[in-house]
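See structure below.
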Amino acid sequence: MNPSRRILLCLGFLLLAAFLGGGAAFAAGGARVVFAVLAALVAALGLRTLFLRLVATRSGLRVHGLLGNRTYAWSELQRIELGRDPVNSMNPLQAFHRQWIPVAHLTSGRTLTLSQITSYTIRQSARDTTLAARVAAELELARAAAR
2 MNPSRRILLC LGFLLLAAFL GGGAAFAAGG ARVVFAVLAA LVAALGLRTL
52 FLRLVATRSG LRVHGLLGNR TYAWSELQRI ELGRDPVNSM NPLQAFHRQW
102 IPVAHLTSGR TLTLSQITSY TIRQSARDTT LAARVAAELE LARAAAR
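Per our numbering, the very first residue in the sequence shown carries number 2; after that it's consecutive.
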């Protein structure tokens, strides 16, 4: 993930945590505890965004995500390709840009979106020149070489 994107995500989470913490300061009774716990959880998620990444090793692909880490052996990965992220398909700004993301297809049939690397383009024709396309190609080469 782009370092500036990670920092912006972290700052956004921390701003939300500060807002919730402010709510805890003005709340009464049980609501104060709820706001304080939510603020702490959001702050923890914000700090965790600084460590999002993908690490390709000889044994497999290590995914450092928002809620935890997981290692996938190369034998668990059927293929890795560049896909389009459907998460923001309801966003009206999607009419002006496209969001590309590496997608790992597991041998179990599940699909794993590697959202740590996301690229945005305005034109469809630029998709193969994005960082996400280069990372997807490199991961696919590593997966093929490990087999």
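Glycine included, each C-beta is placed from N, C-alpha and C at the ideal position. Only a predicted model underlies this, so the values are computations on that prediction, with no experimental measurement involved.
In angstroms with no decimal places, state the Cα-to-Cα distance between residue i and residue j.
| i | j | result |
| --- | --- | --- |
| Ile81 | Arg6 | 23 Å |
| Gly13 | Val35 | 20 Å |
| Ala32 | Cys11 | 25 Å |
| Ile123 | Val136 | 19 Å |
| Ala134 | Ile102 | 8 Å |
| Gly69 | Ser109 | 21 Å |
| Ile118 | Leu39 | 28 Å |
For residue i, which of helix, strand or coil comes out of DSSP?
| i | result |
| --- | --- |
| Ser1 | Since the first residue shown for the chain is 2 and the last is 148, residue 1 is missing from the structure and cannot be characterised. |
| Gln125 | helix |
| Gly84 | strand |
| Ala29 | coil |
| Arg144 | helix |
| Leu39 | helix |
Tell me, to the nearest whole angstrom, how far the beta carbon of residue i is from that of residue j; I am working on the premise that it is less than 8 Å.
| i | j | result |
| --- | --- | --- |
| Val43 | Leu21 | 6 Å |
Next item on the list: Mind the definition here: the stretch 12 to 28 touches the stretch 42 to 51 only if three or more C-beta pairs lie below 8 Å; say whether that holds.
Entry: yes
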